[in-house]
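J.:
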Amino acid sequence: MKLLKSFLPITVLLLSTQVLSAQFKLPTLPYATNALEPAIDKQTMEIHHGKHHAAYVNNLNAALKGASAEGKSLADLLAQVSKYPAVIRNNAGGHFNHSLFWLVMAPKPKPVSPAFLKEINGAFGTMDKFKAAFADSAAKRFGSGWAWLIVQNGKLKITTTGNQDNPLMDVVAEKGKPILALDVWEHAYYLKYQNKRPDYISAWWTVVNWAEVERRFNEVKK
Ligand code: MN3
């Protein structure tokens with residue numbers, strides 16, 4: 000018993016060191032898992048955040064351990080992702096993309112501001128035209144991937160990427176700063192919408208956090 004007691008603090012110390020040494024952490028959701036209903040159901044949010052996003056974080060940490068890329072920021076990893084193995088590209092992308100996705104959604108979001116609406120109108124004609132073009136790109140993205148609103152050379156642009164790639168990566172054709180992200184992997188919608196990706200996309204507009212999208216736009220334009 001005395002021996003066990005003396006080992007206990009060491010075990011606790013080792014465990015906490017292991018947790019602390021994990022470079023990236025799963026961010027907590029800024030709202031409850033049922034807060035985006037009915038657009039996105041609770042079970043989908045629980046699995047999507049708690050299992051899928053958590054797996055990207057864990058796999059990224061495991062891949063970085065002892066690798067040349069260990070200690071690099073997420074931004075640095077993405078910007079030079081061509082230098083690293085696919086496991087880093089997929090999981091660094093997965094971690095970044097989901098971290099952004101949670102923040103550009105909100106329960107009962109405020110409508111788009113007049114100032115940002117002017118930017119949308121300037122780039123796409125009208126908000127309806129922007130939504131139609133974005134939804135069309137998202138629906139047509141074959142297989143798993145993402146739809147994006149990016150700022151490219153100061154201009155708003157719609158683009159999509161496959162798998163967990165994103166517009167910050169040096170491997171994608173359309174680069175830019177992402178300010179709005181839509182996950183069109185089946186895991187993002189299949190429980191509620193099954194094969195009906197366009198229905199998921201049209202419901203998703205009701206939870207888009209325009210204030211956050213505009214904040215990111217202004218940050219890029221600064
Ligand atoms: Mn996802």
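Under numbering that gives the first Met the number 0, the sequence shown has 46 at position 47, and the numbering climbs by one with no breaks. Using N, Cα and C, we set each Cβ at its ideal position, and we do this for glycine too. For clarity, every value in this text was computed on a predicted model and none was experimentally measured.
Quick check: is any heavy atom of the ligand MN3 less than 7 Å from the C-beta of tryptophan 147?
T.: No - the ligand MN3 has no heavy atom lying nearer than 7 Å to the Cβ of tryptophan 147.
J.: Use the C-beta contact count for proline 37: other C-beta atoms within 10 angstroms, 16 or more gives buried, fewer gives exposed.
T.: Exposed is the call here.
J.: Name the two residues that bound the continuous beta strand (DSSP E) containing glutamine 151.
T.: Run containing glutamine 151: 144 to 151, per the beta strand (DSSP E) assignment.
J.: Measuring alpha carbon to alpha carbon, tell me which residue in Phe100, Ala21, Gln22 is nearest histidine 226.
T.: Lying before the first or after the last residue shown, residue 226 is absent from the chain, which here runs from 0 to 221.
J.: CA-CA distance, aspartate 182 and glycine 144?
T.: Going by the C-alpha atoms only, they are around 6 Å apart.
J.: On the three-pair Cβ rule with 8 Å, is the stretch 146 to 161 touching the stretch 172 to 179?
T.: With a cut-off of 8 Å, the stretch 172 to 179 and the stretch 146 to 161 count as touching, because enough Cβ pairs lie within range.
J.: Should the stretch 192 to 206 be regarded as contacting the stretch 164 to 173, the criterion being three or more beta carbon pairs within less than 8 Å?
T.: Cβ pair count under 8 Å is below three, so no.
J.: Check whether the Cβ of threonine 27 lies closer than 8 Å to any Cβ atom in chain B.
T.: Any reference to chain B falls outside this structure, which holds one protein chain only.
J.: Could you spell out the range, first to last residue, of the beta strand (DSSP E) harbouring aspartate 182?
T.: Per DSSP, aspartate 182 belongs to the beta strand (DSSP E) from 176 to 182.
J.: Would you kindly work out how many angstroms separate the C-alpha atoms of methionine 0 and asparagine 60, rounded to a whole number?
T.: Residue placement at methionine 0 cannot be trusted, given a pLDDT of 46 that sits under 50; the coordinates are not used to answer.
J.: Based on DSSP bridge pairs, tell me the residues matched to isoleucine 157.
T.: According to DSSP, which records beta bridges pairwise, isoleucine 157 is partnered with Leu148.
J.: According to DSSP, is methionine 126 part of a helix, a strand, or is it coil?
T.: Helix.
J.: DSSP three-state call for valine 80: helix, strand or coil?
T.: Looking at valine 80 - three-state DSSP - the assignment turns out to be helix.
J.: Leaving out five residues before and five after threonine 205 in sequence, what residues of the same chain have Cβ atoms less than 7 Å from its Cβ?
T.: Same-chain partners within the cutoff: Ala38.
J.: Using only the heavy atoms of the ligand MN3, determine whether one of them is closer than 7 Å to the beta carbon of tryptophan 203.
T.: It does not: the Cβ of tryptophan 203 is nowhere closer than 7 Å to a heavy atom of the ligand MN3.
J.: Measuring CB atoms only, is the stretch 74 to 82 touching the stretch 211 to 218, in the sense that at least three cross pairs come out at less than 8 Å?
T.: Counting Cβ pairs under 8 Å, fewer than three are found: no touch.
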